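Chemist:
Number of protein chains: 2
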Amino acid sequence: MARRKRESAGGKPTIFDVAQRAGVSIKTVSRVVNHEDNVRENTRERVLAAIADLDYQPNAAARGLSSKRSYVIGLIYENADEFSYMKHVLDGALAACEAQGYTLLLRPLTLPNDELLAQIRTFAVQARVDGVVLPAPIGDIDGVVDLLKELDVPFATVTPRTPKPEGINVFCDDAQASQDLASYLIEQGHNRIGFILGHPDHRATEQRYKGYRQALKAHGIGYDAALVRKGLFTFESGQQAAAKLLSLDTPPTAIMASNDDMAAGVSFHAHERGLDVPGDLSVVGFDDTPVASHMWPPLTTARQPISSMVEAAVNGLVRQLRGEEANLSEAPFHCEVVIRRSTGATP
Amino acid sequence: MARRKRESAGGKPTIFDVAQRAGVSIKTVSRVVNHEDNVRENTRERVLAAIADLDYQPNAAARGLSSKRSYVIGLIYENADEFSYMKHVLDGALAACEAQGYTLLLRPLTLPNDELLAQIRTFAVQARVDGVVLPAPIGDIDGVVDLLKELDVPFATVTPRTPKPEGINVFCDDAQASQDLASYLIEQGHNRIGFILGHPDHRATEQRYKGYRQALKAHGIGYDAALVRKGLFTFESGQQAAAKLLSLDTPPTAIMASNDDMAAGVSFHAHERGLDVPGDLSVVGFDDTPVASHMWPPLTTARQPISSMVEAAVNGLVRQLRGEEANLSEAPFHCEVVIRRSTGATP
DNA sequence: TTGTAGGCGTTATCAT
DNA sequence: ATGATAACGCCTACAA
Chain A
180 MARRKRESAG
190 GKPTIFDVAQ
200 RAGVSIKTVS
210 RVVNHEDNVR
220 ENTRERVLAA
230 IADLDYQPNA
240 AARGLSSKRS
250 YVIGLIYENA
260 DEFSYMKHVL
270 DGALAACEAQ
280 GYTLLLRPLT
290 LPNDELLAQI
300 RTFAVQARVD
310 GVVLPAPIGD
320 IDGVVDLLKE
330 LDVPFATVTP
340 RTPKPEGINV
350 FCDDAQASQD
360 LASYLIEQGH
370 NRIGFILGHP
380 DHRATEQRYK
390 GYRQALKAHG
400 IGYDAALVRK
410 GLFTFESGQQ
420 AAAKLLSLDT
430 PPTAIMASND
440 DMAAGVSFHA
450 HERGLDVPGD
460 LSVVGFDDTP
470 VASHMWPPLT
480 TARQPISSMV
490 EAAVNGLVRQ
500 LRGEEANLSE
510 APFHCEVVIR
520 RSTGATP
Chain Z
180 MARRKRESAG
190 GKPTIFDVAQ
200 RAGVSIKTVS
210 RVVNHEDNVR
220 ENTRERVLAA
230 IADLDYQPNA
240 AARGLSSKRS
250 YVIGLIYENA
260 DEFSYMKHVL
270 DGALAACEAQ
280 GYTLLLRPLT
290 LPNDELLAQI
300 RTFAVQARVD
310 GVVLPAPIGD
320 IDGVVDLLKE
330 LDVPFATVTP
340 RTPKPEGINV
350 FCDDAQASQD
360 LASYLIEQGH
370 NRIGFILGHP
380 DHRATEQRYK
390 GYRQALKAHG
400 IGYDAALVRK
410 GLFTFESGQQ
420 AAAKLLSLDT
430 PPTAIMASND
440 DMAAGVSFHA
450 HERGLDVPGD
460 LSVVGFDDTP
470 VASHMWPPLT
480 TARQPISSMV
490 EAAVNGLVRQ
500 LRGEEANLSE
510 APFHCEVVIR
520 RSTGATP
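Protein chains in written order, with the numbering used here: chain A, 180 to 526; chain Z, 180 to 526.
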């Protein structure tokens, strides 16, 4: 006995209802819904009309069960207190997923974390994601990319390019922006510029440092290792580094921090010390997080197009999942320098 | 001809594999997996052992297709620039969903928004979510709750309790915390305390204002309408309100803002004006966002247990979906007051 | 270009 | 307490 074709039973319309209404088979409806070829334009329109009439929505569960794909993309991220970077990541990922018909599944992780790889393995396997996006610093961590390759889970990283890029990678010109910021300070007359490195596990840390060195070199300023301090991208590490730098016999007249949080720490420490910013000390950050524009004085910094980068990553991933060319531009995304009062601008 | 039982074919183990291994029928496995009754303890253990051996994970798509439930909970939120509140919401929602075996689906919305109800309707229907969580201010908006009731989509709100509570509602003692903050200022010797209201569409706005009024009353300080200004929870609105308040003939010696962003705006404006905080002006915020501890001087504020509240909301929702009693405590969650330097503390 | 048959892995129904 | 079997709605073959 033939399968019942689910006469309009009051529930949500199914592919059978659409097929019946359009006078075609369910396969044809399926073709239209999935943008497959081999459907006459005329037929396609009839089907689309039926879909619109019935307000038909494909059932994701049925589709997933049959196709063995989940239409879910996983987003693995570091769940740090400072979340403004992740907010932009989320915005970009959600926008791209929505546009592509995918669902985003979040997987926050705490760093540092000895069980990181095990957790990622569990997530990638149990959640049955079709692919995974790895924003910095997750994609920077040793073994993560290798693990996903081993598990055969497609992935896209958003982080400065590695020497031997694997899979889909989206990145921006951190180093250039950093060089621009340093050059700006030099042009303001500074020649003793402190630099606070970021967390060593973030690849951006090297890039931003590189830009600083390049600016010094381009302007013929000698490098002084005493002016470079380690940091961890946290407010507190910025405070501590500033304390060291400002205690030097010849303290710097400007400090570049590798991100805004540390720059806020620098500014905070300068205030505690009774110094005026920018009168006694210019301060520069990186990322243009909300604190940069809300602190006093507001912070000169650089803005990455994070949302766009993540969107590009998701789009590339989805194209790959569809068997198309990932087709990513090889050029880095561009960072924008934002000049504010912490370096003397008086808007 | 009987359906093939999917001999271990190399793919992921299915319920048939587990049944075979445990020597029971698939229905029994299903019972164990879903914590149903009518399974002998002995049998249950055999099944659990088989599940562990095979590392079996139920297929969500198949389960969803069959049960007509999606095991997805939607989170509808305002996608504002200031995201620290939402970060805690996310943390709580993800934790609860993970614990309950649900998936979280995000739906950011932009406010204000004329198409809000239409967007929510589309989301609730198309996404086939089993239930929806509405953190403030979404649950505060007229018609949202009514719409979900009309659509018959279970929901939980996280926002100050309404006079006639509907569905699941989780809230905290904003008003009490606000009163505590104001009392603290009064005890510090302030008797002209400016107050900046929050966005009128947030129910918390009333609560925080109420606490301010109560503190004045409790200390026998007369109410002066000139000391109360409207705000929108934004940094800029805080700046503007501060400008008005500090231009009064007899300006306040302390300003309470209904959130940290506005308080940051107040502090910022005070600096622009050459005033010392807290020397010339004490400043108080609400929410204990990251900026509160990173700005100079750090901000006295109050901290809501947002993650816990959202966790409770999701847990209540899931219990309702399971047909159990929502079983929510009727007591509000407690806010903690955090004293910092912006009101004269010198830690 | 279009259609038919057969599963995908689970839950639900109704026996036993 | 346990099991056989029919949906669930769609996609992937393979036909026509």
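Even for Gly, the Cβ is constructed at its ideal location relative to N, Cα and C. Remember, predicted model here, so these are calculated numbers, not experimental data.
With which residues is A:G253 paired in a DSSP beta bridge?
Modeler: Answer is A:L284 and A:V311, bridged to A:G253.
Chemist: Based on Cα-Cα distance, which residue from A:L460, A:E515, A:A361 and A:S521 lies nearest to A:C351?
Modeler: It is A:E515.
Chemist: Check for me: the beta strand (DSSP E) holding A:N438 runs from which residue to which?
Modeler: Counting along the chain, A:N438 falls outside any beta strand (DSSP E), and DSSP gives it neither H nor E.
Chemist: Please name the residue in A:A420, A:S461, A:T282 and A:D319 whose C-alpha comes closest to that of A:G523.
Modeler: Cα-wise, what sits closest to A:G523 is A:S461.
Chemist: Considering only residues of the same chain and omitting the five flanking positions on each side of A:T384, which have a CB-CB separation below 7 Å?
Modeler: Result list for A:T384: L376, G377, H378 and S437, in chain order.
Chemist: Give the list of continuous alpha helix (DSSP H) stretches no shorter than 4 residues that lie fully inside the region 436-507 of chain Z.
Modeler: 439-451, 469-473 and 485-500, all fully within the region 436-507 of chain Z.
Chemist: Short of 7 Å in beta carbon distance, which residues of its chain neighbour Z:A422, apart from the five on each side in sequence? Order them along the chain.
Modeler: The residues are H448.
Chemist: To the nearest angstrom, how far is the alpha carbon of A:G502 from that of A:A492?
Modeler: Rounded to whole angstroms, A:G502 to A:A492 spans 15 Å at the Cα level.
Chemist: Could you tell me the distance, in whole angstroms, from the CA atom of A:R392 to the CA atom of A:E504?
Modeler: Each residue's alpha carbon lies about 37 Å from the other.
Chemist: Go through its chain and collect everything with a Cβ distance to Z:V332's Cβ below 8 Å, but skip five positions before and after it.
Modeler: Same-chain partners within the cutoff: A303, V308, G310 and V311.
Chemist: Using only the alpha-carbon positions, how far apart do Z:N292 and Z:I299 sit?
Modeler: Cα-Cα distance, rounded: 11 Å.
Chemist: Counting only runs of 3+ residues fully inside the region 368-394 of chain A, write out the beta strand (DSSP E) ranges in chain order.
Modeler: Those beta strand (DSSP E) runs which fall completely within the region 368-394 of chain A and span 3+ residues are 372-375.
Chemist: Which chain Z residues are close to A:L285, counting only those with a beta carbon under 9 Å from its beta carbon?
Modeler: Going along chain Z in sequence order, the residues near A:L285 (Cβ under 9 Å) are L269, L273, L283 and L285.
Chemist: How close, in whole Å, do the beta carbons of Z:D439 and Z:T468 come, if the pair is a contact with beta carbons under 8 Å?
Modeler: Contact flag correct, Cβ pair sits at about 4 Å.
Chemist: Using the beta-carbon of each residue, which ones in chain Z are nearer than 8 Å to A:N258?
Modeler: Residues of chain Z passing the Cβ test: D270.
Chemist: From A:N221 to Z:N258, what distance separates their C-alpha atoms?
Modeler: So the two alpha carbons sit approximately 41 Å from each other.
Chemist: In whole angstroms, what separates the C-alpha of Z:P287 from that of Z:V197?
Modeler: C-alpha separation (whole angstroms): 40 Å.
Chemist: Would you give the residue range spanned by the alpha helix (DSSP H) that A:E515 belongs to?
Modeler: Run containing A:E515: none in the alpha helix (DSSP H); it sits in the beta strand (DSSP E), E515 to V517.
Chemist: Less than 8 Å between the C-beta atoms of A:G410 and A:G401, yes or no?
Modeler: No.
Chemist: Using a Cβ-Cβ distance cut-off of 8 Å, determine whether A:K184 contacts chain Z.
Modeler: Unreliable placement is indicated for A:K184, whose pLDDT of 45 sits below 50; the coordinate value is still reported in the next sentence. No - not a single Cβ of chain Z is within 8 Å of the one on A:K184.
Chemist: Is the beta carbon of Z:D321 less than 8 Å from the beta carbon of Z:T338?
Modeler: No, Cβ-Cβ distance for Z:D321 and Z:T338 is not below 8 Å.
Chemist: On the DSSP bridge assignment, give the partners of A:C351 in chain order.
Modeler: DSSP, once it has assigned bridges, lists A:F512 as partnering A:C351.
Chemist: Under 9 Å between beta-carbons, which chain Z residues line up against A:Q279? List them in chain order, please.
Modeler: What A:Q279 touches in chain Z: nothing, since even the nearest Cβ is about 15 Å away.
Chemist: Give the residues of chain A in contact with Z:H473, contact being defined as C-beta atoms less than 8 Å apart.
Modeler: Within chain A, the residues near Z:H473 are F414, D440, A443, G444, F447, V470 and M474.
Chemist: Give me the chain Z residues within the contact set of A:S249, using Cβ-Cβ distance strictly less than 9 Å, ordered along the chain.
Modeler: Near A:S249 (Cβ distances below 9 Å), the residues of chain Z are A239 and A240.
Chemist: For Z:T222, report the span of its alpha helix (DSSP H) as first-last.
Modeler: Where Z:T222 is concerned, the enclosing alpha helix (DSSP H) stretches over E220 to L233.
Chemist: Which residue comes first and which comes last in the alpha helix (DSSP H) that contains A:T336?
Modeler: Not the alpha helix (DSSP H): A:T336 falls in the beta strand (DSSP E), residues F334 to V337.
Chemist: Closer than 8 Å is the cut-off here; do at least three beta carbon pairs connect the region 470-489 of chain Z with the region 343-357 of chain Z?
Modeler: The region 470-489 of chain Z is in contact with the region 343-357 of chain Z.
Chemist: For the candidate residues Z:I255, Z:V268, Z:L254 and Z:G253, whose alpha-carbon lies nearest to that of A:H260?
Modeler: One point to set straight first is that residue 260 of chain A is Asp, not His, in the sequence displayed. Nearest C-alpha to A:D260: Z:V268.
Chemist: Please go through the same chain and pick out, in chain order, the residues whose beta-carbon is closer than 7 Å to the beta-carbon of A:V211, but skip the five residues on each side of it.
Modeler: The residues are V218, R223, V226 and L227.
Chemist: For Z:E294 and A:F334, what's the separation of their Cα atoms in angstroms?
Modeler: Cα to Cα, the separation comes out at about 35 Å.
Chemist: Exposed or buried, which one is Z:S246 when buried takes at least 16 other CB atoms within 10 Å?
Modeler: Result: exposed.
Chemist: Would Z:S263 count as contacting chain A if we go by Cβ distances under 8 Å?
Modeler: So, interface residue.
Chemist: Which chain A residues are close to Z:G243, counting only those with a beta carbon under 9 Å from its beta carbon?
Modeler: Here the neighbours are N238, A239, A240, A241, G243 and L244.
Chemist: If you draw a straight line from the C-alpha of Z:I194 to the C-alpha of A:I194, how long is it?
Modeler: For Z:I194 and A:I194, the distance between alpha carbons rounds to 27 Å.
Chemist: Name the chain A residues whose beta carbon is nearer than 9 Å to that of Z:Q305?
Modeler: Here the neighbours are Q236.
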